[in-house]
Amino acid sequence: MPPVTVRVQPDPFDTAHETALLLRGQDMVGGVGAFTGVVRGGNGLVALELEHYPGMTESQMQRIADSACERFGLLGCTVIHRVGRLEVGMPIVLVLCAAAHRGSAFEATEFIMDWLKTRAPFWKREVFADGRSAWVEARADDDAAAARWDGIVAAAGAELKK
Amino acid sequence: MLHILYFAWLRDRLGRADETLPLPADARSVQDLITQLRARGGEYGAIFARPEQIRVAVNQRFATVAAPIAANDEIAFFPPVTGG
Chain P
54 MPPVTVRVQP DPFDTAHETA LLLRGQDMVG GVGAFTGVVR GGNGLVALEL EHYPGMTESQ
114 MQRIADSACE RFGLLGCTVI HRVGRLEVGM PIVLVLCAAA HRGSAFEATE FIMDWLKTRA
174 PFWKREVFAD GRSAWVEARA DDDAAAARWD GIVAAAGAEL KK
Chain V
23 MLHILYFAWL RDRLGRADET LPLPADARSV QDLITQLRAR GGEYGAIFAR PEQIRVAVNQ
83 RFATVAAPIA ANDEIAFFPP VTGG
């Protein structure tokens, strides 16, 4: 199996550092797909508070990353998800996918994000400037985005279905 | 003993993150456990009367309400996930 790193942490991540680690010792990588999720503001939102299920979260992230490596022939993959209180504008999630060619790198990055949103046990609470807070509700279009991969990766996906 | 975990708004409404209880004598599945929890009434009654708004994991794997349960299982109840 290619090198897979999954991590849940309150601290910020350093994309350049993580990319260097991912590429260390690799000589067949032609590109790294990278996605950084950021806390989006609007409607008075000041921060998100992220909660997770320790243990299950890491094992689900590992399964998702392994599935991506298998499906897209990745040469390495890093997924880091932050938890705790994250202010508007702060990075929240990092996905790096190393592949021989850009097509697989782009696709795998999107695949991992779609599955993270629907298959990894994280929950967001929105905190607003006036002191209100509310749990974010799951979005039907996230389910739809994740489901479009099912036909392609039915075998790998069956055990991850929520 | 069953170890039961609650996350996000379930934990907020129930006022606890977890509890342990003996495997009920007639509980064979997650659905049986849900029925027992619902019978407590109050917030438990309100929440477990609507299992469609809840997701469940047995021993840290997503499961359906039909999943079997056994003594010493870790069973988690939570809302649909919203990470990423």
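The listed protein sequences derive, respectively, from chains P and V.
Following this note's numbering from start to finish, the first sequence increments by one per residue and tops out at 215.
Following this note's numbering from start to finish, the second sequence increments by one per residue and tops out at 106.
The C-beta atom is built at its ideal place from N, Cα and C for all residues, glycine as well.
Predicted, not measured: the structure shown is a model, and the values here were computed from it.
| Query | Result |
| --- | --- |
| Contact check, Val57(P) vs Ala100(P), beta carbons under 8 Å | no |
| Given 8 Å, three or more beta-carbon pairs between the region 56-75 of chain V and the region 126-142 of chain P | no |
| When Asp34(V), Val78(V), Trp31(V), Phe29(V) are compared against Asp95(V), the one with the closest alpha-carbon | Val78(V) |
| Chain V within 8 Å of Lys215(P), Cβ atoms only | Summary for Lys215(P): the model assigns pLDDT 44, below 50, so the residue's position carries little reliability, and this model does not support an answer. |
| Gln129(P) - containing beta strand (DSSP E), residue span | According to the sequence as given, residue 129(P) is Gly; it is not Gln. Unbroken beta strand (DSSP E) run through Gly129(P): 129-135. |
| At least 3 beta-carbon pairs within less than 8 Å: the region 84-103 of chain P vs the region 150-168 of chain P | yes |
| 8 Å contact criterion, which Phe88(P) and Arg124(P) should meet: CB distance rounded | With 8 Å as the limit, Phe88(P) and Arg124(P) do not qualify as a contact, their Cβ atoms being about 17 Å apart. |
| Chain-order list of residues whose beta-carbon lies under 8 Å from that of Met23(V) (same chain, five-residue window excluded) | Thr42, Leu43, Pro44, Leu45, Ala93, Asn94 |
| Cα-Cα separation between Gly90(P) and Ala49(V), rounded to whole angstroms | 42 Å |
| Under 8 Å from the C-beta of Leu169(P): neighbouring residues of chain V | Gly105, Gly106 |
| Chain V contact for Ser120(P) (CB, 8 Å cutoff) | no |
| Ile91(V), enclosing alpha helix (DSSP H) - first and last residue | Element bounds for Ile91(V): n/a, residue is neither H nor E. |
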